[in-house]
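For the sequence shown, the numbering used here begins at 440 and goes up steadily by one.
A virtual CB, placed ideally from N, CA and C, is assigned to each residue, including glycine.
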Amino acid sequence: MSTIQIRIDEKTKNSAKKVLDDVGMDMSSAIKVYLRQIVINKGIPFRLVTENGMTIGEEVAILNASGEARIGKNVKKVKGWSEAKSYLDSLK
């Protein structure tokens, strides 16, 4: 058996403890489950996202597209809502 020691801010620890208490799990068991899932999945067992629910890559793409739109690059001009809706539907 091996021991792992981590440092984490008090707020995160307490918030995680509350969630784990609500599901009847202690911190040590939760970390064991997490590490086992890393082994089983051969990677992080969940999608890593920002507070906005997007990956870093998705946020970068949105910021780039927003910057391009501000300068008029890659912007399709449409006449009226129906044309705009048709264009948006074509992107799906």
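Within the same chain, no Cβ atom closer than 8 Å to the Cβ of lysine 450 is found once the five residues on either side in sequence are excluded.
For threonine 451, the uninterrupted alpha helix (DSSP H) segment begins and ends at 449-461.
Leucine 527 carries a helical assignment under DSSP once its states are collapsed to helix, strand and coil. When DSSP states are grouped into helix, strand and coil, leucine 487 belongs to the coil group.
The three-state reading of DSSP puts glutamine 444 in coil, since its state is none of H, G, I, E or B.
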